[in-house]
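Residue numbers (the numbering used here): 5 to 1266.
Idealized CB from N, CA, C, for every residue including glycine.
Note that the structure is a prediction, hence the values are computed from the model and not measured.
Accompanying notes for the structure given below.
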């Protein structure tokens, strides 16, 4: 190692030839030497550009000194001048005159030069004799050379600066520089240290006060090495002592040094580690997965954490996500990824160690299920090896450093497909391609039998085993391989003797499409569709076109397969649309892609999913953003020359959508995975380009409107903001040229409604920026008048087709309130009714109400009109009618009874011979108040009964007194659900609670149980919460006996499901009475002691309902026997458990009873020590020693957790937190409650297992 040994002359010569560099580096050299020699309490040695800062060149304070470093405080000055003595004298005088911040008698003065300074000892002696400073030291080039011998890490660093190179030994700066620059995008310490605070702490503790060997276990030695470098690089003290050694010879040489070092061997395994530790060196060994008893395990990071780490390299969120997907977060594939621009490619050791058959099998299949025999047969065909033999090689390959494949939970999975391809593509041969060709028809004609199931049944297809032979993982993997090979294969065709991989794949897929043009094929492709589209775009487009023709095309059936499935609601066509979108980025295929999307839009019957062919077509043609590579002009050409001639209705709809879609509203267009079609596309555009695009589309609309002028002209009304003045004039001219004599009534009404709504909207807000000029509105109004019906009925029917119709001349919404606008509307309606009556008499009214949507509005208008008297007889004549006549009658008589109550009352008196129904129907128009109820009470019994059985406007009751009277009447006439409906409305107002009789509420609920006569009339769903509100009122009242409350809560128990409100009386009954608990268990489970229960008279259905109720009740319990708040009386709980177990044993349900007791106990709170379960429950566990109770407790605790939500890539973080909590609790209880501690450890292990499963789920779905 003498090649990098530094002498005094080396230092002198370096100073002479690099004076400025020497001035900047000398303080840093001294600082590193100090840190490598002692542990400073204070150190400040500015270097580099900071040397020009005033004050001492160096400040130091150490407890214990060395021959180079004075003990205690010291002030340091540096010089690199030729005249060393002059500089030393000058600095000595300056600091002696102004020693601040030091006290000279407590401080040593040190002068350092990188020159030889042969008179140093004499100078030091003279200055000591001044007795100004505690001590005086001088350091020259000879001293520095000697000091460097004691500090090899600094020695190696300085040797590099002096040009003395030794490639197998590096200090931290050299090692980090070498490692971090193996890629053009430099690695960062933050990347390796991200979210590894615990690991950093463990390593730092060892480096600070440890001894011996520190073994780091990691599946990636490169990552562990990067981690060690990052930790040491960011700590000056560690860095001053660390050496990174790459050969045994260098290792042996370093061991001779007596100064304690941090030694990190890398790339070889040193043979004399013990000798190093005997010399007090700290050794860091990086091991692979075979190491035993590691000091630190560097675990693979979860996806979200790894993506955050990747972002520290300068990638954004999207890039980090893609980079992780490409590499699954493994370091070596990341370092080989194109985005990091590798300078020094790290080739894995297995590359030439395994047969190409094995490597290409991994690449082609990408992922498969180990337990699927059919998958394994495909692997045998791809590898031409028996699976057992292949499996042995795969297992060995997966355990290699930097492996290309991994095995997780029955799944074999390639780690980084792109990385593997670029490593092995030179070994691709026609033989391997032929094997791939042979398996394509096998796996992609394996149709999914779930297609033949109903939509609801498809959700459970996996559970029932109704699945394809080959796994979806294998199918997706091979389909993805086709896309990869099609994109990259021809770049390396010279390895195949000129064979075109793309041509081969296109032929394979074209054949597959032609032989399988049916719905089961497309249904079964699922996510493979995307890869197929990218692999062979022209063949995919031809196949889509062929399968969308005819009245019962496969594509139509794919849309219809969406169905109305209750559970999943799978969108079976989304992958087809994403495939088409990905192709649309290639301008060569854009026209055909648009034709396919247009055809699919034609046949799409619609459905619940927002992803439709038309929405994809819109995203492709959007003008405010470039979602494809085609320019605006090129898209316009496709519209004009392809879509409009071939798909006129879709093109018309598309153009309207484009001029009415606001910027910012797009779901984007799916991008291909491997093809670079979208990479160079700038999504932004200019406002000018967008406006010109919109103008051109409007021109196309104007050219096409004549093809269906009567219907299309309506569409153009709403978009005047998108038109130029010239285009507006053209549209108005189109309106005026339209021959209205050819319009049917429906067409005319659509035109009128559209014009009126548009004009009204702008006239209501005349002062806004977006409202149109009145001149334009007046011209539109003229057109409206041109098309309006000539007779009053048709021209004014719009006033009665909507409760709040728009008027052609509305009031300004800012100047007039709602009531003023309603007054204007009412006046217009009255004028119409008067006109019709005047011109056509009552026959006109009869005809009018049959042709409007809301005849009750006509009735109401008629009452308030001056001709009310002449129409009153119609209202009474139609009082018992049905349909629109009855609606007119109600509309007329209701305001009559409300506004002329005394007269209405008198009419009843004068017409006492009216039929019962007539009287009751008239009374139902009266206001719901005390006066009306008094009138009703005075009627004959049959009239009263009809009234109360028909009343449904009870919410308009004017007071609590009225409401309570209504409740009593409903109760009397067997309408308990209506009574509950009214009662609940009163219960929501606290001020009414004191006026409500709890006994009446209880009686109503009991009647609803025993005689729910009006359930269909009111509806249980409608009053679900009302019933619970009534029960809550009774629970708080405390006036109802427990047995009554138990009956009520039991019969309405199902309503408590998924509610915060609880059946408190039932819960208390279980906690108070263990026999009730035992009875619940007996209703749920059969005996297991060979005996029979006493026969019951209940039907099977009734017993099933009772069992479900018992199950629901036990799942709702939150309070344990003896529990008050967060505390539990241990004696009460023990007594209850003992009694319950005895009774359960007597009725033959001991084991299941114990299990249910355990689940019941799982609801307990934490104990006084802050840990779950409560001390009283711990006591039960220790006393009973029942494994069934303990298992029930564990199951109950799991179930109480319920459904969890998490980020898709979060893995098992939640479960790890719980596992740690239960482990901590178990440790606390292990001595005092040993059985409880075992239960907690079981819970902890369960959650560790589930955490691992969640982590694996993320890994498998990367």
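Just so you know, the alpha carbons of residue 1178 and residue 1131 end up roughly 8 Å apart. In the structure shown, residue 512 adopts helical secondary structure according to DSSP, grouped into three states.
Residue burial is scored here from C-beta neighbours: residue 264 has fewer than 16 other C-beta atoms within 10 angstroms and is therefore classed as exposed.
Counting along the chain, residue 1157 sits inside the alpha helix (DSSP H) bounded by residues 1154-1165.
The Cβ atoms of residue 908 and residue 858 lie no closer than 9 Å to each other. Under a 10 Å Cβ-count criterion, residue 1107 is classified as exposed, with fewer than 16 other Cβ atoms of the shown protein chains found around its own Cβ. For residue 938, the enclosing alpha helix (DSSP H) has its first and last residue at 934-941.
In its chain, beyond the 5 residues on either side, 8 have a beta carbon closer than 6 Å to the beta carbon of residue 168. Straight through space, the alpha carbons of residue 581 and residue 887 are spaced by roughly 47 Å. In the structure shown, residue 411 falls within a strand segment according to DSSP collapsed to helix, strand and coil. Of all C-beta pairs linking the region 1137-1148 to the region 1183-1191, three or more are shorter than 8 Å, placing the two stretches in contact. Proximity to residue 126 across 629, 112, 646, 141 peaks at 141, based on C-alpha coordinates. If you draw a straight line from the Cα of residue 199 to the Cα of residue 322, it comes to about 20 Å. Between residue 1093 and residue 1152 the beta-carbon gap is near 4 Å, inside 8 Å, which marks them as a contact.
Within the same chain, and ignoring the five residues on either side of residue 164 in sequence, the residues whose Cβ sits closer than 6 Å to its Cβ are 178.
For the pair of segments examined, the region 148-166 was found to touch the region 14-31: the number of CB pairs separated by less than 8 Å reaches three. The C-alpha of residue 1248 is placed about 11 Å away from the C-alpha of residue 1202. Excluding residues up to 5 positions away in sequence, 661 lie with their Cβ nearer than 6 Å to the Cβ of residue 622 in the same chain. Along the length of the region 394-462, whole beta strand (DSSP E) runs at least 3 residues long occupy 409-412, 415-418, reported in chain order.
DSSP, read as helix, strand or coil, puts residue 632 in coil. Excluding sequence positions up to five before and after residue 562, its CB lies within less than 8 Å of the CB of 523, 526, 527, 576, 577, 580, all in the same chain and listed in chain order. In the same chain as residue 327, and ignoring 5 residues on each side of it, the C-beta atoms closer than 7 Å to its own belong to 314, 319, 338, 341, 343, in chain order. DSSP, reduced to helix, strand and coil, places residue 10 outside both helices and strands of the structure shown, so it counts as coil. The beta carbons of residue 48 and residue 63 sit closer together than 9 Å.
Ranking 841, 1254, 1243 by CA distance to the CA of residue 1221 puts 1254 first. Bridge partners of residue 141 according to DSSP: 114. Under the three-state reduction of DSSP, residue 72 is assigned to coil, being neither helix nor strand.
Note: residue 1127 is bridge-paired with 1132 in the DSSP secondary-structure output. Of the other Cβ atoms in all chains shown, fewer than 16 fall within 10 Å of the Cβ of residue 773; this residue is therefore exposed. The three-state secondary structure of residue 246, taken from DSSP, is strand. Its Cα nearest to that of residue 182, the residue 348 stands out among 197, 348, 298. Under the three-pair Cβ rule at 8 Å, the region 432-439 does not count as touching the region 452-461.
The alpha-carbon of residue 383 is positioned some 7 Å away from that of residue 365. Note on geometry: alpha-carbon atoms of residue 101 and residue 316 lie some 50 Å from one another. Between residue 814 and residue 768, the beta carbon gap of about 5 Å places them in contact (Cβ cut-off 8 Å). DSSP places residue 47 inside the beta strand (DSSP E), whose first and last residues are 46-48.
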